[in-house]
């Protein structure tokens, strides 16, 4: 995200760039590692904002558009799987890794694993 979570598509180019550049510098300083991925504030993006993100040093950016990633997708307009904690709860109301895995397979159009029954 940017520094103030401003919608980068609604501010002028100079402010949008400064939001992106300052955000990455601040995070890198605090975390002590490279920060080269970002999520657009509120998912608002455009080709101009994507160009600014690349110029600010990011390698890729995520939108709030839902869907699987495909080879050749624009790295500055990456979709993501919208998974809420409530969507992945098992019978006891806790996070279920198997339900989460099922959602990932479904989003990627990967068939569920085949479980072979033991022959007796």
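Numbering (my numbering), first residue to last: 66 to 185. Think of the CB as a built atom: it goes at the ideal place given N, C-alpha and C, for glycine as much as any other residue. All of these numbers come straight from a predicted model, not from anything done at the bench.
- Around the CB of residue 110, 16 or more other CB atoms lie within 10 Å, so the residue is classed as buried.
- Looking at the DSSP output, residue 102 shares a beta bridge with 125.
- Annotated three-state conformation of residue 143 is strand, per DSSP.
- DSSP, reduced to helix, strand and coil, places residue 130 within a strand of the structure shown.
- In this structure, residue 78 places its C-beta atom within 8 Å of the C-beta atom of residue 117.
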